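The structure appears below as structure tokens.
Numbering (this note's numbering), first residue to last: 958 to 1185.
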């Protein structure tokens, strides 16, 4: 976003860059994997959640298990999945993300000179791989599709400001890298002197679809009124 200072992206290690190769059901499964806190799911409920139609248990397995295998064997997003049973006898699946994907993304960020990561999604990144690469980390959890609270915008701006003063480039991410990330980056641009309209246009030009219309966009304008 600002060369040598701060940039934005989707969640490292989630495999979101592969979404263009996927059909709608696969993309919804990818989104669920990237945002779920507990990577266990009752199979029928998961199928309905991702929009997979099925007639009976046999048809469900025939349609859903190949999706799991594709995420493991073709895209490498899953290291493995385990089929089990819930207390009521229902099929319960447990997924294990591939840690190599996160390490690959972190390695890329380190090679690009990034020294600090701000996580804006509800769940932090796996601390082990992040520590291996020596990143400074801040977790500022924001609700998806909602405007950030003013105090959390201030926390973000101060953190990035301190990192920049220490010559430590920052990357911010949420899940997709559009709404929450775009909103905070636009606020940082306002902090750096841009008008809100200019900041929103710059963020959207660099990553189309950033900052949802409505309360996220209004949060940027309100931040401008508050600090100018």
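All C-beta atoms in this analysis are idealised placements derived from N, C-alpha and C, irrespective of residue type, glycine included.
Please read all numbers here as calculations on a predicted model, not as lab measurements.
Pull up the distance between the alpha-carbon of residue i and that of residue j, whole angstroms please.
{"i": "residue 982", "j": "residue 1008", "result": "6 Å"}
{"i": "residue 1091", "j": "residue 996", "result": "27 Å"}
{"i": "residue 1133", "j": "residue 1025", "result": "21 Å"}
{"i": "residue 1018", "j": "residue 1045", "result": "18 Å"}
{"i": "residue 964", "j": "residue 1142", "result": "8 Å"}
{"i": "residue 1066", "j": "residue 1013", "result": "45 Å"}
{"i": "residue 1087", "j": "residue 1070", "result": "15 Å"}
{"i": "residue 1173", "j": "residue 1041", "result": "41 Å"}
{"i": "residue 1099", "j": "residue 1021", "result": "31 Å"}
{"i": "residue 1158", "j": "residue 1003", "result": "37 Å"}
{"i": "residue 994", "j": "residue 977", "result": "24 Å"}
{"i": "residue 1011", "j": "residue 1001", "result": "9 Å"}
{"i": "residue 1121", "j": "residue 959", "result": "11 Å"}
{"i": "residue 971", "j": "residue 1126", "result": "22 Å"}
{"i": "residue 1155", "j": "residue 1072", "result": "27 Å"}
{"i": "residue 1116", "j": "residue 1140", "result": "16 Å"}
Within 10 Å of its beta-carbon, does residue i have 16 or more other beta-carbons around it, so buried, or fewer, so exposed?
{"i": "residue 1124", "result": "exposed"}
{"i": "residue 1136", "result": "buried"}
{"i": "residue 1113", "result": "buried"}
{"i": "residue 1167", "result": "buried"}
{"i": "residue 1047", "result": "exposed"}
{"i": "residue 1164", "result": "buried"}
{"i": "residue 1051", "result": "exposed"}
{"i": "residue 948", "result": "Any answer about residue 948 is impossible in this case: the structure gives the chain only from 958 up to 1185."}
{"i": "residue 1181", "result": "buried"}
{"i": "residue 1053", "result": "exposed"}
{"i": "residue 1037", "result": "exposed"}
{"i": "residue 1184", "result": "exposed"}
{"i": "residue 1105", "result": "buried"}
{"i": "residue 1062", "result": "buried"}
{"i": "residue 1177", "result": "buried"}
{"i": "residue 961", "result": "exposed"}
What is the residue span of the beta strand (DSSP E) that residue i lies within?
{"i": "residue 1050", "result": "1048-1054"}
{"i": "residue 1031", "result": "From DSSP, residue 1031 is part of no beta strand (DSSP E); its letter is neither H nor E."}
{"i": "residue 1036", "result": "1035-1042"}
{"i": "residue 1000", "result": "Not the beta strand (DSSP E): residue 1000 falls in the alpha helix (DSSP H), residues 1000-1006."}
{"i": "residue 959", "result": "Unbroken run through residue 959: none, as it is neither H nor E."}
{"i": "residue 1074", "result": "1073-1076"}
{"i": "residue 967", "result": "Segment: none, residue 967 is in no beta strand (DSSP E) and carries neither H nor E."}
Assuming residue i is part of the alpha helix (DSSP H), what are its boundary residues?
{"i": "residue 991", "result": "981-992"}
{"i": "residue 1186", "result": "Within the shown structure, residues of the chain are numbered from 958 to 1185, placing residue 1186 beyond reach of any answer."}
{"i": "residue 1160", "result": "1153-1163"}
{"i": "residue 1024", "result": "1014-1026"}
Just to confirm my understanding: we take residue i, look at its own chain, exclude 5 residues before and 5 after, and list those with CB closer than 6 Å. What are they?
{"i": "residue 992", "result": "1132"}
{"i": "residue 1074", "result": "1092, 1094, 1128"}
{"i": "residue 1148", "result": "1114"}
Answer with yes or no whether the minimum CB distance from residue i to chain C is below 8 Å.
{"i": "residue 967", "result": "Of the chains in the structure shown, none is chain C; there is only one protein chain."}
Which same chain residues, not among the five before or five after residue i, have their C-beta less than 8 Å away from its C-beta?
{"i": "residue 1005", "result": "none"}
{"i": "residue 1109", "result": "1097, 1099"}
Between which residues of its own chain and residue i is the CB-CB distance below 7 Å, once the five residues before and five after are set aside?
{"i": "residue 1055", "result": "1033, 1034, 1035, 1036"}
Check whether the Cβ of residue i lies closer than 7 Å to any heavy atom of the ligand ATP, and answer yes or no.
{"i": "residue 1115", "result": "Of ligands this structure carries none, so the ligand ATP is not represented either."}
Give the list of continuous beta strand (DSSP E) stretches no shorter than 3 residues that lie fully inside the region 1088-1145. The qualifying runs are 1093-1096, 1127-1130.
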